[in-house]
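A.B. asks: Those sequence lines, one after another, are chains L and P.
Counting from 4, one number per residue, gives the positions in the first sequence under the numbering used here.
Counting from 3, one number per residue, gives the positions in the second sequence under the numbering used here.
Heads up, the beta-carbon is just placed ideally off N, CA and C, and yes, glycines get one too.
I'd like to ask some things about the structure below.
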Amino acid sequence: MLEVRNLCKHYGGIKAVDGASFTVEKGTITALIGPNGAGKTTAFNCISRTVAPTSGEVWLDGERIDHLRPHKVTTRGLSRTLQISRNLSDMTVIENVIVQSRVDGLRGLFRPAIGAEEKDKAMSILEFLGITRIAYEDGHNLSYGQKKLMDLAALLMSDPKIILLDEPAGGVNPSLMEEIVSHIRALNEKGLTVLIVEHNMDLIMRLSHKVVVMAQGRVICSATPEVVRRDPQVLEAYLGGVLEEEAA
Amino acid sequence: MSVSLQQSSASAVLEARRAHNDKLARKADQARAVWFPLTLLALLSLLPLLQLSGNYNYVLHIVLFTASYVAMASSWNILGGFTGYVSLGHAVFFAIGGYFSGMILARFGISTIVTAPVAGLVAAIAGYLIGRITLNVRGPSFIISSIALLMIARILFDNWAFIGGANGVTLPVNSLSAQWAKVPYYYAMLAIAAVTVWVSYRIKHSKFGLGLRAISKDEVKAESAGIDTRFYKVLAFALSAFFVGMTGAVWGEYLTYLRPNIFLIILVSANLVLMCILGGKGTIAGPVIGAILIVALNELFVATMGASELNILGTGLVMALGLIFFPLGLVGTLARRGKLPRVLNWD
């Protein structure tokens with residue numbers, strides 16, 4: 004479904020992503036993990052085109068998307084959340100969600116902001132996530148966890164084929180984390196493909212079908228969670244083996 | 003049995019919640035007082051009847067002048083208020099509109115009231131092209147770029163012989179008596195102001211407006227939400243130039259002369275910004291209230307203190323105090339505190 008080929012992103016002399024290649028199969032939950040500075044978020048940004056990759060290709064359902072503008076990537080069916088929940092304050096939750104719905108053509112631009120159909124759809128998404136009670140709450144009054152849920156709701160509004168979640172459980176309490184895990188699992192069971200960056204290993208091991216491990220901008224291992232857990236290269240990357248390699 | 007009971011009570015909760023949300027949505031609708039601006043418009047359109055009983059040219063002039071600023075401030079608000087791009091270069095579109103229609107009037111004798119929409123279109127096209135370049139930067143850089151635009155336009159207009167250079171052009175005076183000479187421009191300006199406020203209301207409540215608001219909050223997020231931010235911004239710039247251009251067209255004939263040092267000065271642009279900030283950026287009533295207040299205060303201080311530096315000081319002082327106590331502008335701050343009188347809620 005999603006195929007990343009030889010992706011590179013260089014900032015001056017720093018090679019944040021240095022030839023990463025991996026695939027995400029349709030209907031799976033794939034996790035992208037790695038130590039700090041491995042280039043996970045940069046890879047995410049390149050895939051969703053928030054930043055332009057230096058070189059490499061990204062294919063979505065047989066279509067090359069790495070040269071598209073970011074909003075085009077979203078309309079092709081790839082939606083993402085941002086690492087730090089950047090919600091739109093001064094806008095209500097329902098507006099934050101509906102802003103993500105698709106707008107077609109010039110006439111579409113001047114339709115009412117919140118159409119009846121869209122409102123129903125947004126409310127059913129909020130209901131699915133259990134946050135209808137904050138639908139008319141202002142964006143800046145939300146708790147951190149509510150913002151995460153709102154981000155997820157906004158993603159679903161654009162009818163994505165694949166969603167990219169950047170640390171969906173970062174900084175939220177354990178019970179909410181469970182809630183988010185069950186939402187992701189339920190969405191996946193409905194056929195949504197998920198690519199997820201996360202630091203919480205427990206969550207990754209429970210949730211994902213496949214784990215892609217990155218270190219120093221490269222993919223060092225790509226397998227099932229059970230295999231990855233025992234892979235010597237992965238352990239080395241996490242325990243500092245890479246640093247020795249650098250020194251040598 | 004107990005399971006089914008639980009389910010029904012759960013759906014009752016959902017039902018109650020839905021009803022509550024609907025109520026909240028309706029409340030926002032009902033608080034709006036659209037009748038007020040419409041009544042105001044109806045009253046103002048009857049105002050020229052005063053001329054039958056005496057000479058009220060001053061009153062007409064003040065309302066016309068205010069209406070021109072209402073139109074321009076509301077138009078500026080589309081870019082500066084909704085989208086968050088503060089432009090100090092809108093005087094350029096004022097001049098483009100004024101000169102385009104003015105030159106047609108001078109050469110072919112067609113009234114600017116007729117050609118104003120075309121002048122608006124020319125200004126919008128200019129806005130579109132300029133926006134394609136300058137809207138790539140935001141914040142202070144965008145403000146500087148808009149000032150630069152104003153300076154470039156001033157040099158261009160000052161030295162362009164075809165349009166009279168720095169001396170400008172004198173336009174023919176209409177054939178009406180002094181008593182009725184202002185009335186056509188009065189109605190034209192009132193109509194432009196009304197249409198501009200209506201359009202800004204429609205924009206705010208459209209998908210486009212929602213997208214613009216998202217852009218003003220966080221452009222990266224807006225883009226990743228599937229909004230074509232570049233197109234939205236440029237379109238907002240063009241629309242915002244359109245009505246300023248139309249206003250300029252009618253204003254030129256009303257003044258009966260065009261000169262760069264009247265149209266292309268930063269004071270015109272700065273006034274738009276001040277009106278929107280004082281009234282409340284991003285609201286519908288804000289620019290209208292701001293325009294009325296600033297024109298009224300200017301008149302009041304000139305009348306009481308004379309046309310010295312003192313009157314400028316007076317206006318400045320009121321501005322400063324207003325912003326200390328109403329940091330989001332009058333309408334914006336009152337709405338945030340939930341104390342906005344219903345007559346001022348046009349959103």
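Let me confirm a value: SER6 (chain P) is counted as buried when at least 16 other C-beta atoms fall within 10 Å, else exposed. Which label applies?
C.D. replies: Note that SER6 (chain P) has pLDDT 37, beneath the 50 cutoff, so the model's placement of it is unreliable and the number below is only indicative. SER6 (chain P) should be labelled exposed.
A.B. asks: Along the chain, where does the alpha helix (DSSP H) that runs through SER127 (chain L) open and close?
C.D. replies: 119-131
A.B. asks: Would you tell me roughly how many angstroms separate the C-alpha atoms of ARG109 (chain P) and LEU152 (chain P), rounded to the nearest one?
C.D. replies: 26 angstroms
A.B. asks: Per DSSP, what kind of secondary structure is HIS22 (chain P) in: helix, strand or coil?
C.D. replies: helix
A.B. asks: Is DSSP giving VAL245 (chain L) helix, strand or coil here?
C.D. replies: Residue placement at VAL245 (chain L) is flagged as unreliable, the pLDDT there being 48, under the threshold of 50; the coordinate-derived value follows with that caveat. Of the three classes helix, strand and coil, the one that applies to VAL245 (chain L) here is helix, per DSSP.
A.B. asks: Once the 5 residues before and after ILE183 (chain L) are set aside, which same chain residues still bring their CB inside 6 angstroms of it?
C.D. replies: Here the set comprises PRO171, ALA172.
A.B. asks: With respect to the alpha helix (DSSP H) encompassing ASN59 (chain P), which residues constitute its N-terminal and C-terminal limits?
C.D. replies: 59-79
A.B. asks: Using a cut-off of 7 angstroms between C-beta atoms, extract the partners of GLY111 (chain L) located in chain P.
C.D. replies: The answer, in chain order, is LYS209.
A.B. asks: If we count the other Cβ atoms within 10 Å of its Cβ and call it buried at 16 or more, is PRO73 (chain L) buried or exposed?
C.D. replies: buried
A.B. asks: Mapping DSSP to helix, strand and coil, what is ASN9 (chain L)?
C.D. replies: strand
A.B. asks: Examine chain L for any beta-carbon lying closer than 8 angstroms to the beta-carbon of ARG339 (chain P), and answer yes or no.
C.D. replies: Chain L, which has no Cβ nearer than 8 angstroms to the Cβ of ARG339 (chain P), makes this no.
A.B. asks: Where does PRO163 (chain L) fall in DSSP's three states?
C.D. replies: coil
A.B. asks: Taking the Cβ atom as the reference point for each residue, do ASP211 (chain L) and PRO228 (chain L) lie within a distance shorter than 8 angstroms?
C.D. replies: Just to set this straight, residue 211 (chain L) is Ser in the shown sequence, not Asp. Contact: yes.
A.B. asks: Could you confirm whether any beta carbon from chain P is found closer than 8 angstroms to the beta carbon of VAL231 (chain L)?
C.D. replies: Judged by the 8 angstroms Cβ criterion, VAL231 (chain L) is not in contact with chain P.
A.B. asks: In chain order, what residues of the same chain lie with their CB nearer than 7 angstroms to the CB of GLU225 (chain P), ignoring the 5 residues before and after it?
C.D. replies: These residues qualify, in order along the chain: THR231.
A.B. asks: Identify the residues that DSSP records as bridge partners of TYR87 (chain P): which are they?
C.D. replies: Bridge partners of TYR87 (chain P): none, in fact.
A.B. asks: Kindly say whether THR196 (chain L), judged by its beta-carbon, lies nearer than 8 angstroms to any beta-carbon of chain P.
C.D. replies: Not one beta carbon of chain P lies nearer than 8 angstroms to the beta carbon of THR196 (chain L).
A.B. asks: Measure the C-alpha to C-alpha separation of ASN347 (chain P) and GLY340 (chain P) and round it to an integer number of angstroms.
C.D. replies: 11 angstroms
A.B. asks: Determine the burial state of ILE326 (chain P): buried for a count of at least 16 other Cβ atoms within 10 Å of its Cβ, exposed for fewer.
C.D. replies: exposed
A.B. asks: Pull up the distance between the alpha-carbon of LYS25 (chain P) and that of VAL201 (chain P), whole angstroms please.
C.D. replies: For LYS25 (chain P) and VAL201 (chain P), the distance between alpha carbons rounds to 27 angstroms.
A.B. asks: Classify ARG232 (chain P) as helix, strand or coil using the three-state DSSP reduction.
C.D. replies: helix
A.B. asks: Give me, in chain order, the residues of the same chain whose beta-carbon lies closer than 6 angstroms to that of ALA156 (chain L); leave out the 5 immediate sequence neighbours on both sides.
C.D. replies: VAL100, ILE128, LEU129, LEU132
A.B. asks: Compare the C-beta of TYR14 (chain L) with all C-beta atoms of chain P and state if any pair is closer than 8 angstroms.
C.D. replies: no
A.B. asks: Does the count of Cβ pairs from the stretch 83-102 of chain P and the stretch 255-269 of chain P closer than 8 angstroms reach three?
C.D. replies: In short, these stretches touch, since the Cβ pair count reaches three.
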